[in-house]
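These notes are about the structure you will find just below.
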Amino acid sequence: MPEPVESVGAASRLETVCFHCGLPVPQGIALTVEVEGRPEPTCCHGCQAVAKAIVDGGLADFYRHRTATARRPSDGMSLQRRRLELYDREDVQRSFVRNEPDQVRETSLIIEGIVCAACVWLSERHVSALPGVLEFRVNMSTHRAVVRWNDTQIHLSRILEAVTEIGYAAHPFEPGRHEARLKDERAAGLRRLAIAGLGTMQVMMLAVAMYAGDYHGMDETTRRFLRWTSALIAVPVLAYAGFPFLRNAWRNLKSRWLGMDVPVSLAIVLAFTASVWATLSNQGEVYFDSVTMFIFFLLTARFLEMSARHRAGRVTDELLRIMPATATRIGRNGDDVVAVAELVPGDTIRVSPGETIATDGQVVAGRSSANESLITGESLPVPKCGGDSVIGGSVNVDSPLEVRVERVGADTLLSAIVRLLDRAQSEKPRIAALADRVAGWFVLSVLILAAAVAAWWWQRSPADALWVTLSVLVVTCPCALSLATPAAITAATGALTRMGVLITRGHALETLARATHVVFDKTGTLTCGRLQVTRVVPLADVSERQCLALSAALEQGSEHPVARAILEAAGSNESAAVEIVNTPGSGVQGRVDGARYRLGTAAFADPNGRSDIQDPAGAWVLLCGEHGPLARIYLRDSIRPDAAESIRDLRRLGLHPVLLSGDRCEVVESVAQELGIDEFRGRVSPQEKLRFVRSLQEAGGTVAMVGDGINDAPVLAGAHVSVAMGSGTQLAQSTADMVLLSERLDRFADGVRVARKSGRVIRQNLTWALAYNALALPLAASGWIRPWMAAIGMSLSSLLVVLNSLRLRPAANEDQATAMPLPETGERREVLS
426 MPEPVESVGA ASRLETVCFH CGLPVPQGIA LTVEVEGRPE PTCCHGCQAV
476 AKAIVDGGLA DFYRHRTATA RRPSDGMSLQ RRRLELYDRE DVQRSFVRNE
526 PDQVRETSLI IEGIVCAACV WLSERHVSAL PGVLEFRVNM STHRAVVRWN
576 DTQIHLSRIL EAVTEIGYAA HPFEPGRHEA RLKDERAAGL RRLAIAGLGT
626 MQVMMLAVAM YAGDYHGMDE TTRRFLRWTS ALIAVPVLAY AGFPFLRNAW
676 RNLKSRWLGM DVPVSLAIVL AFTASVWATL SNQGEVYFDS VTMFIFFLLT
726 ARFLEMSARH RAGRVTDELL RIMPATATRI GRNGDDVVAV AELVPGDTIR
776 VSPGETIATD GQVVAGRSSA NESLITGESL PVPKCGGDSV IGGSVNVDSP
826 LEVRVERVGA DTLLSAIVRL LDRAQSEKPR IAALADRVAG WFVLSVLILA
876 AAVAAWWWQR SPADALWVTL SVLVVTCPCA LSLATPAAIT AATGALTRMG
926 VLITRGHALE TLARATHVVF DKTGTLTCGR LQVTRVVPLA DVSERQCLAL
976 SAALEQGSEH PVARAILEAA GSNESAAVEI VNTPGSGVQG RVDGARYRLG
1026 TAAFADPNGR SDIQDPAGAW VLLCGEHGPL ARIYLRDSIR PDAAESIRDL
1076 RRLGLHPVLL SGDRCEVVES VAQELGIDEF RGRVSPQEKL RFVRSLQEAG
1126 GTVAMVGDGI NDAPVLAGAH VSVAMGSGTQ LAQSTADMVL LSERLDRFAD
1176 GVRVARKSGR VIRQNLTWAL AYNALALPLA ASGWIRPWMA AIGMSLSSLL
1226 VVLNSLRLRP AANEDQATAM PLPETGERRE VLS
């Protein structure tokens, strides 16, 4: 923090310097800004404004990390630009920007002011055209944008400024700030809705009185009074409640793009202008009741859409909110509570029972279990002990743990999940892209048609021309068409994420719904990817338990898969080996209680003997003592407990399962027979897997490939839709279209069901939107629909699309069922959306 400096002069007095720029504060200036609860002096209104903008933007850390004072506003740079430039600093970016090789960076932004597909199209087109911007996608439902850029060509501040240039506001996504923005958005929506509702009720009462006066008679003075009163009430409704429509329409027109607020605003302005003219001239009809009803019903629809959007995007918010703000770091001088943002890889943190694990890491001390249900969808706590990985955001359940920090900030698994989820929701399937293009041209067609309708009615019935034209403009607003696809995709991806199925590509749902074949890898996919001891065959006068104890003593401290399987089978073991010598690829030898033992391949363990017995369905190792073989220990990669039922479930859905593996043919055949898979192949290389998938595709099949994401990269990329088994490291670099976070195969069948249901919902939404416009347009053009009826119809049409999309979300009790076991039995209740 800047300190008062001593100036040299006759008085040798202490002179106060500006907290922001470091220059002396002139005498008589008493301007301050509150930073971290303390008033700090500033030298001018410009420095005060910039400092306040920094603090209000949640960037007070800038003053802690800066190495030099800032420049004064008089340098010619606007306050807005100076504020945006703060986001270019690496110390500020650390908490929300992910760095990639070659100076490529990625982050999530919140775009304020998005109301329709036209807004998304405009912002994506404008920002993507900037040199150095590699990718810019906006999720209409959550108003979040994913941006990737080359920092050597363009800085983040320029991207934010480009968004501002077209009339929107952009800032980095921060969970706390985002939640506050959602609350402000809801509060503002309620205020506008209240003003519009009160105004509509008052104007409608006056309108009823004027309509009654047409039948029963009313003197001209009273009629004029009622008209002027209606006009005065309609002004705040239009100026305040209707301002968002007018602002959005003006922004679209300046950008030479026709959004859905253009016809709505045109109708509102025309009706209000005509009504004011009729009031001033005391002739013609007034439509103040229609103006206020337009705005009220439109705001009602927007508010309900906003509430549905907030609810649909709640999954991502829940994931981000579970991260704690502080952690207990273990240091040389004891424990210290620090901000999570201050943790670096290599730190060790202490996690108490019931506490949320602050970041990804590895357990270095302690034994407990972690609840990962919010992240992976797995209901039961996962045991954790020394050497096990833990996920930031999971909850330590039983006992204290000491965790070594491995990944922080944007590199954590939770951040990777949020990035992939954002990418999936912002990428557009073919049907969504088509709907967006149609919506833009549809608005232009509506405006042309409205002009033609106005001309036709003006020639035949000038008195009716205005209200018929207003009805056409309002009733055909393509709100429902623009909402049809993004609302369904957001709801479906949110539902699947709760189940532990992460959609990472926008086309995945659409493609998975059409899948005809499912190709499985074996190791790590249908099997658990870790060996288990299946049988111990003694070859001398020694028990199975003694053989396992001796083998475990030799394997103590080894991380080899065979060693882990033997240690797990042996359980607690008091024996310890000394003089251990490990021969990679062959085995291990050492002394236990003074006697020498060897464990490994037959050639290594018994070099002078002979053992040619093999198990066609697994592998085995030989334990030998000083006097010859003691036992054969058989091992096998265990099949996932839910694999068989998952295969049967997929068959019931009409999918044809295929097993391809690089393992021995006899092992592959054994697994296929146990799971009921008719078509299988062993000894298949990744290239041969890809050729097999291509042959299915050439035969007309739509192929989904399920693999572990490591050695299956070529075939995962070649399939129509790829599914990877989830793990932290793989997920962060995943190129698959879907990831099974919980590694439960039964969730894949759930994903197929939700994908098919989402396809039906999208088709229903689009069919309804197009059918509604096809029916309402001729009725409005022929004069059968009054303006107030048009406003109600358009609002109900949009609301119906949103509510239909929300059917993809599981009910509240089902949400809980996916995340929590039943209290007494611990059984899961399946969620089949």
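Numbering (my numbering), first residue to last: 426 to 1258. Virtual Cβ for every residue (Gly too), placed ideally from N, Cα, C.
Would the stretch 766-779 and the stretch 825-834 be scored as touching if the rule is three or more Cβ pairs under 8 Å? Yes: at least three Cβ pairs fall under 8 Å.
Considering Cα atoms alone, identify which of L1221, E531, L1080 is closest to Y512. Counted from its first residue, the sequence shown places residue 512 at position 87. The closest CA to that of Y512, considering only L1221, E531, L1080, is found on E531.
Those runs of the beta strand (DSSP E) which lie wholly inside the stretch 507-574 and span at least 3 residues: 522-525, 529-537, 558-564
Could you tell me the distance, in whole angstroms, from the CA atom of I1217 to the CA atom of V689? Residue mapping note: residue 1217 aligns to position 792 of the sequence shown, counting from 1. Residue mapping note: residue 689 aligns to position 264 of the sequence shown, counting from 1. Distance between the alpha carbons of I1217 and V689: 13 Å.
First through last residue of the beta strand (DSSP E) which encompasses V1006: Taking the first residue of the sequence shown as position 1, residue 1006 is located at position 581. Per DSSP, V1006 belongs to the beta strand (DSSP E) from 1002-1008.
Label S1071 either buried or exposed according to how many other C-beta atoms from any shown protein chain fall within 10 Å of its C-beta, with 16 as the threshold for buried. Start at 1 with the first residue of the sequence shown, and residue 1071 comes out as number 646. Looking at its Cβ environment, which holds 16 or more other Cβ atoms inside 10 Å, S1071 is buried.
Check the DSSP bridge columns for C1049 and list the partner residues they point to. As a first step, residue 1049 must be located in the sequence shown, where it is residue number 624. The partner list for C1049 (beta bridge, DSSP) reads R1023, P1054.
Check the DSSP bridge columns for L826 and list the partner residues they point to. Here residue 826 corresponds to residue number 401 of the sequence shown, with the count starting at 1. The partner list for L826 (beta bridge, DSSP) reads V776.
How is the beta strand (DSSP E) around M1150 delimited, first residue to last? Residue 1150 sits at position 725 when you count from the first residue of the sequence shown. From DSSP, the beta strand (DSSP E) with M1150 extends over 1146-1150.
Closest to V558 by CA distance: which of R573, A612, W546 is it? Numbered from its first residue, the sequence shown carries residue 558 at position 133. Looking at R573, A612, W546, the one whose alpha-carbon comes closest to that of V558 is R573.
Run the CB neighbour count on W1045, radius 10 Å, all protein chains shown included, and call it buried at 16 or more, exposed below. Start at 1 with the first residue of the sequence shown, and residue 1045 comes out as number 620. Buried, because 16 or more other Cβ atoms sit within 10 Å of the Cβ of W1045.
Look at the Cβ atom of P986, then the Cβ atom of R960, and state whether they are nearer than 8 Å. Position 561 of the sequence shown, counting from 1, holds the residue named residue 986. Position 535 of the sequence shown, counting from 1, holds the residue named residue 960. Contact: no.
Quick one: is T894 buried, meaning 16 or more other Cβ sit within 10 Å of its Cβ, or exposed? Position 469 of the sequence shown, counting from 1, holds the residue named residue 894. Flag for T894 reads buried.
For the stretch 618-629 and the stretch 718-730, state whether three or more C-beta atom pairs, one from each stretch, are separated by less than 8 Å. yes
As assigned by DSSP and simplified to three states, the class of M626: To locate residue 626, count along the sequence shown from 1; it is residue 201. Note: M626 maps to helix in three-state DSSP.
Below 8 Å, can you find three or more Cβ-Cβ pairs linking the stretch 1067-1087 to the stretch 1104-1117? yes
Quickly, what does DSSP pair P466 with across the bridge? List them, please. As a position in the sequence shown, residue 466 is number 41, starting the count at 1. In the DSSP output, where bridge partners are listed per residue, P466 has T457.
Same chain only: Cβ atoms within 7 Å of L671, ignoring 5 sequence neighbours per side: By 1-based counting over the sequence shown, the position of residue 671 is 246. The answer, listed in chain order, is S690.
Opposite L945 in the DSSP bridges: which residues? On the sequence shown, position 520 is the one that residue 945 refers to. Before going on, a small fix: residue 945 reads as Phe here, not Leu. Partner(s): L1084, V1131.
Can you say whether T1192 is buried or exposed, counting buried as having 16 or more other CB atoms within 10 angstroms of its CB? Position 767 of the sequence shown, counted from the start, is the residue given in the question as residue 1192. Burial call: exposed.
Just how far apart, CA to CA, sit Q473 and P466? Start at 1 with the first residue of the sequence shown, and residue 473 comes out as number 48. Start at 1 with the first residue of the sequence shown, and residue 466 comes out as number 41. Looking at the two C-alpha atoms, the distance is approximately 8 Å.
Rounded Cβ spacing between L1166 and G1151 (contact assumed at less than 8 Å): Along the sequence shown, one-based indexing puts residue 1166 at 741. Along the sequence shown, one-based indexing puts residue 1151 at 726. Contact holds; Cβ gap of about 4 Å.
Going by other Cβ atoms of all chains shown within 10 Å of its Cβ, with 16 needed for buried, is W1209 buried or exposed? Walking along the sequence shown from the start, residue 1209 turns up at place 784. Exposed is the call here.
Starting from F1105, trace the beta strand (DSSP E) both ways and give me its first and last residue. Here residue 1105 refers to the residue found at position 680 when the sequence shown is read from its first residue. Looking at the DSSP string, the run of the beta strand (DSSP E) that includes F1105 is 1104-1106.
Which class does T753 belong to by DSSP, given the choice of helix, strand or coil? The count along the sequence shown starts at 1 and reaches residue 753 at position 328. Three-state DSSP puts T753 in a strand.
Any 3 or more C-beta pairs closer than 8 Å across the stretch 1011-1024 and the stretch 925-941: no
Would you grab the beta carbon distance between F598 and L509 for me? Rounded to a whole angstrom, and I think it's under 8 Å. The residue given as residue 598 occupies position 173 in the sequence shown. The residue given as residue 509 occupies position 84 in the sequence shown. Their Cβ separation, rounded to whole angstroms, is 15 Å, which puts F598 and L509 out of contact at 8 Å.
Between the stretch 1093-1106 and the stretch 958-976, are three or more C-beta pairs nearer than 8 Å? no
Mind the definition here: the stretch 627-638 touches the stretch 706-718 only if three or more C-beta pairs lie below 8 Å; say whether that holds. yes
Alpha helix (DSSP H) containing S794: first to last residue? In the sequence shown, counting from the first residue as 1, residue 794 sits at position 369. Where S794 is concerned, there is no enclosing alpha helix (DSSP H), although the beta strand (DSSP E) it sits in stretches over 793-796.
Please classify F668: is it buried, with 16 or more other beta-carbons within 10 angstroms of its beta-carbon, or exposed? Residue 668 sits at position 243 when you count from the first residue of the sequence shown. Classification of F668: exposed, given that the 10 Å Cβ count is below 16.
Segment limits, alpha helix (DSSP H) that includes A1068: Here residue 1068 refers to the residue found at position 643 of the sequence shown. 1068-1077 is the extent of the alpha helix (DSSP H) around A1068.
Taking P1203 as part of the alpha helix (DSSP H), name the residues at either end of that continuous run. Counted from its first residue, the sequence shown places residue 1203 at position 778. Element bounds for P1203: 1171-1206.
Minimum C-alpha distance to T625 - residue among Y1197, S655, G614, A637: The residue you call residue 625 lines up with position 200 of the sequence shown. Nearest C-alpha to T625: S655.
Excluding the 5 residues preceding and the 5 following M748 in the sequence, name in chain order all residues of the same chain whose CB lies nearer than 6 Å to its CB. The residue given as residue 748 occupies position 323 in the sequence shown. Cβ contact annotation for M748 (same chain, cutoff 6 Å, sequence separation greater than five): G818, in chain order.
Tell me K809's beta-bridge partners as DSSP assigns them. Against the sequence shown, residue 809 aligns to sequence position 384. According to DSSP, K809 bridges with S793.
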